[in-house]
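Undergrad: The sequence shown runs -23 to -1, 1 to 292 under mature numbering (1 follows the signal peptide of the UniProt record, and there is no 0).
All C-beta atoms in this analysis are idealised placements derived from N, C-alpha and C, irrespective of residue type, glycine included.
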Amino acid sequence: MLSQDVLKTSLVALACLFSVAVAQPSTVSFAYPPQVTGTTPLLIINVVDTITFQWTSNYQKAYLWVFCDEGTPGGPNKVYLWANKPVPTTGNATYSPFFDSDLNRDWKPNRPFHCHADLNYENEKDKGTNGPGFNVTSISSRKATTYALQYTTDGSPPDGNARITIASSHLASTTTNPAATATSTTSTSPSPPADDSGLSRGATAGIAMGVVAGICALASLAFMVWRNKRKVDKLQSRLPDDNVDPYSKPQGVELVQPYQDELHQGAYAPTTEHEMEADNRYSMYGGSTTGPVELEPLQAPQELPEGPSSPVRRA
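Right, here's the structure in full:
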C-alpha cells in the first residue's frame, strides 16, 4: 500500500537524520610535544633520542604515524613516512628515529629534518589529526635523551642543566651515556600542565545547536508523515472495496425476490403438457351433412363482345 511505503521511507529518513544530529565530531588533543608559541620553542631531538607522544581522543581505534620532510631548504617538500603503529586511543607512545626508522639517509651537519606525528582513526593516510611538529638532527657528540611530559607538585625551579625549557608543560629528560655509564637529570618548569580538558566551549555550543536543529527537523518530518498518512487514508476510504461485487445492488436499496407461494414454487406456474382428444369425422359448416356432389362440366372459353353485354346465365 501507498501509506506503508511512505511510512517506511519516512522511518529511514528519521533514522539517518537522528544519527547525524547526535553524532559528535572526532577530537584529538596532543599534550606532548608542545605547540610552538612565542614562549615555547620548537622541540629539537637528536637521532638517538626518544620522544614520548601524549594525547587524548574519542577514537574507537588509534594509529600513530610519523612523517618527516627530507627536502632541501628552499626546494620542494619530500615528505616520507618514518614510522606507524597502533596505539591507545588515549595515552602515550614512544618514538626513536634510531630504533623505529630507517637511518639510511643523507644526514648533513646542522641540517634538521622537520617532522610531525598524526593520530589516525584508521591505519590509512589522511584519516586523523595532525600533531605538533618537531625537528630531528644528527649530532654524534650528543648523548641519548628521552623527552616526555612530566607532572610535578613540588613547584621546584627548573634545573640549570636542562637542555630545553617548555613553558606550557613539564619536561623530563633522561640522559644516557653511550659508553655503558648511565646518569639521569630531570628538568622541570614551574608553569602548570597543558589543558586537555576536552571539548571547547565553541564545540559544545555547536553540538548543542546541532542537536536542537535535529530535534526540530525530526518534529517537522513526523508532522509531514502524519499529514500524508491522513490524506492517504482519506483517499482510500473513497475507493470501492476490492471484495464487493461491482454488479451487486447499490447501497441503501433492498433486494425484493419474485412472487412465490407454496403452489407455484417459483415466479411462474409450471405447465402440464398433454394431448387433446381427436375426432376424425368431417362435417360442413352449420352442422349439415351431405354426400358427394358432382360439379358442372367445364365450358369452352368464349370471347366477350366488344360492346356492353348482359350477363350470361348458365343453364
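1. Looking at the secondary structure, which residues open and close the alpha helix (DSSP H) in which P74 lies?
2. Taking the beta strand (DSSP E) that N97 falls in, what are its first and last residues?
3. By the 10 Å Cβ neighbour count, where 16 or more other Cβ atoms means buried, how is Q31 classified, buried or exposed?
4. Does the stretch 6 to 24 come close enough to the stretch 41 to 55 that 3 or more CB-CB pairs lie under 8 Å?
5. May I ask which residues mark the beginning and end of the beta strand (DSSP E) holding K62?
6. By how many angstroms is the C-alpha of F200 removed from the C-alpha of L216?
7. What residues are listed by DSSP as bridge partners for L20?
8. Using the three-state DSSP reduction, which class does A277 fall into: helix, strand or coil?
9. Which residues bound the beta strand (DSSP E) around Y9?
10. Is it right to say H97 is buried, meaning 16 or more other beta carbons lie within 10 angstroms of its own, or is it exposed?
11. Would you kindly work out how many angstroms separate the C-alpha atoms of N61 and A70, rounded to a whole number?
12. For A182 and Y36, what's the separation of their Cα atoms in angstroms?
13. What is the C-beta distance between V24 and L80, in whole angstroms, given that I count them as a contact (C-beta under 8 Å)?
14. In whole angstroms, what is the alpha-carbon distance linking V56 and A185?
15. Within 10 Å of its beta-carbon, does F111 have 16 or more other beta-carbons around it, so buried, or fewer, so exposed?
16. Give me the residue from D210, A196 and D26 with the minimum Cα distance to S117.
17. Beta-carbon within less than 6 Å of P74's beta-carbon, same chain only, minus the 5 sequence neighbours each way: which residues are those?
18. What residues match up with G105 in a beta bridge as DSSP calls it?
19. Determine the extent of the beta strand (DSSP E) in which Y124 is found, giving its start and end residues.
20. Identify which residue in E271, L41, A125 and K208 has its Cα closest to the Cα of E99.
21. For F7 versus D46, is the C-beta distance shorter than 9 Å?
TA: According to the structure data:
1. If you number the sequence shown from 1, residue 74 lands on position 97. In the DSSP assignment, P74 falls within the unbroken alpha helix (DSSP H) covering P74 to D77.
2. Looking up residue 97 in the sequence shown gives position 120. Start and end: F90 to N97.
3. On the sequence shown, residue 31 is found 54 positions in, with the first residue counted as 1. By the neighbour-count rule (16 or more Cβ atoms within 10 Å), Q31 is buried.
4. No, the stretch 41 to 55 does not touch the stretch 6 to 24.
5. Taking the sequence shown and counting its residues from 1, the one referred to as residue 62 is at position 85. Counting along the chain, K62 sits inside the beta strand (DSSP E) bounded by residues V56 to V64.
6. As a first step, residue 216 must be located in the sequence shown, where it is residue number 239. As a first step, residue 200 must be located in the sequence shown, where it is residue number 223. Near 25 Å, if we compare the C-alpha coordinates of F200 and L216.
7. Along the sequence shown, read from residue 1 onward, the residue named residue 20 stands at position 43. Per DSSP, F111.
8. Stepping through the sequence shown from its first residue, residue 277 is reached at position 300. Reduced to three states, the DSSP call for A277 is coil.
9. For this step, residue 9 is matched to residue 32 along the sequence shown. Here the beta strand (DSSP E) through Y9 covers V5 to Y9.
10. Looking up residue 97 in the sequence shown gives position 120. The sequence shown places Asn at residue 97, rather than the His named in the question. Flag for N97 reads buried.
11. As a first step, residue 61 must be located in the sequence shown, where it is residue number 84. As a first step, residue 70 must be located in the sequence shown, where it is residue number 93. Each residue's alpha carbon lies about 11 Å from the other.
12. Taking the first residue of the sequence shown as 1, we reach residue 182 at position 205. Taking the first residue of the sequence shown as 1, we reach residue 36 at position 59. Going by the C-alpha atoms only, they are around 21 Å apart.
13. In the sequence shown, residue 24 corresponds to position 47, counting from 1. In the sequence shown, residue 80 corresponds to position 103, counting from 1. With 8 Å as the limit, V24 and L80 qualify as a contact, their Cβ atoms being about 7 Å apart.
14. Against the sequence shown, residue 56 aligns to sequence position 79. Against the sequence shown, residue 185 aligns to sequence position 208. Answer to the nearest angstrom: the Cα atoms are 39 Å apart.
15. On the sequence shown, position 134 is the one that residue 111 refers to. Buried is the label assigned to F111, since at least 16 other Cβ atoms lie within 10 Å of its Cβ.
16. Here residue 117 refers to the residue found at position 140 of the sequence shown. Among D210, A196 and D26, the Cα nearest to that of S117 belongs to D26.
17. As a first step, residue 74 must be located in the sequence shown, where it is residue number 97. Around P74, the same chain offers V24 and V113 as residues with beta carbons nearer than 6 Å, after the five sequence neighbours per side are excluded.
18. Taking the first residue of the sequence shown as 1, we reach residue 105 at position 128. Paired residue(s): N97.
19. For the purposes of this step, residue 124 is taken as residue 147 along the sequence shown, with counting starting at 1. From DSSP, the beta strand (DSSP E) with Y124 extends over A121 to L126.
20. Reading the sequence shown from its first residue, position 122 is the one you call residue 99. Out of E271, L41, A125 and K208, L41 has the C-alpha closest to the C-alpha of E99.
21. Your numbering for residue 7 matches position 30 in the sequence shown. Your numbering for residue 46 matches position 69 in the sequence shown. No. Outside cutoff.
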